[in-house]
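Residue -6 is where the sequence shown starts when you use the numbering used here, and the numbers rise one by one after that. Here a beta-carbon is modelled for each residue, glycine too, at the ideal position from N, C-alpha and C. On a predicted model such as this, the values are computed, not experimentally measured, just so you know. A short worksheet on the structure shown next.
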Amino acid sequence: MLSVYCKRFENFSNMVLCRFIGGEHMDTLQEKAKYGLIPVERRKQIVAYVMKHESAQVKELAELFDEVSEATIRRDLELLATEGKLTRTHGGAASISTRTAFEQLYLDKCAMAVDEKRRIAKLLPI
């Protein structure tokens, strides 16, 4: 499966990302992170990490990229969230496929249990 991913990518930085997605060579990612990545490469790897693990904390990502501060990770996560590549959560991020709590639309909730709501309204003092 790893070789299938590798064929899709063209340059070395994407091959490192590809290896990371395949779950191998975590040390390669950490080595590359120590020498500094350009922001675009770092963001690609953040998205790959979040997609693989379904979520990640800011502190966890900052430890993964040794030379990057938590503030930089937060800015990266905000940018990636505005691009629609992940969902920003309190203290981290989640993959788009990971759904958080589902809330029904207001109009749908208004149409539910109408009789019960009217009975409750009659009991309330005006």
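With a cut-off of 8 Å on the beta carbons, I'd call L57 and Y42 a contact; round off their distance for me.
If you number the sequence shown from 1, residue 57 lands on position 64. If you number the sequence shown from 1, residue 42 lands on position 49. Right, their Cβ atoms sit about 7 Å apart.
Can you name the start and end residues of the beta strand (DSSP E) that Q50 belongs to?
For the purposes of this step, residue 50 is taken as residue 57 along the sequence shown, with counting starting at 1. Element bounds for Q50: S48 to Q50.
Check A87 in the structure and name its three-state DSSP category.
Taking the sequence shown and counting its residues from 1, the one referred to as residue 87 is at position 94. Looking at A87 - three-state DSSP - the assignment turns out to be strand.
Just how far apart, CA to CA, sit K123 and Q97?
Residue 123 lies beyond the range of the chain shown here (-6 to 119); nothing can be said about it.
Starting from G60, trace the alpha helix (DSSP H) both ways and give me its first and last residue.
The residue labelled residue 60 in the question sits at position 67 within the sequence shown. At residue 60 the sequence reads Glu, which differs from the Gly that was named. E60 -> no alpha helix (DSSP H), and no H or E assigned at all.
If you draw a straight line from the C-alpha of K102 to the C-alpha of K45, how long is it?
By 1-based counting over the sequence shown, the position of residue 102 is 109. By 1-based counting over the sequence shown, the position of residue 45 is 52. Their backbone Cα atoms lie some 35 Å apart in a straight line.
Relative to the alpha-carbon of S48, which residue among L117, L79 and Y99 has its alpha-carbon at the smallest distance?
Taking the first residue of the sequence shown as 1, we reach residue 48 at position 55. Checking every option, the nearest Cα to that of S48 belongs to L79.
So, D69 versus I39, is the Cβ gap smaller than 7 Å?
One-based indexing of the sequence shown puts residue 69 at position 76. One-based indexing of the sequence shown puts residue 39 at position 46. Yes, the pair counts as a contact, with Cβ atoms nearer than the cut-off.
Within the continuous alpha helix (DSSP H) that includes K110, where are the two ends?
For this step, residue 110 is matched to residue 117 along the sequence shown. K110 -> alpha helix (DSSP H) spans V107 to L116.
State the beta-bridge partners of R81 as determined by DSSP.
Here the question's residue 81 lines up with position 88 in the sequence shown. In the DSSP output, where bridge partners are listed per residue, R81 has A86.
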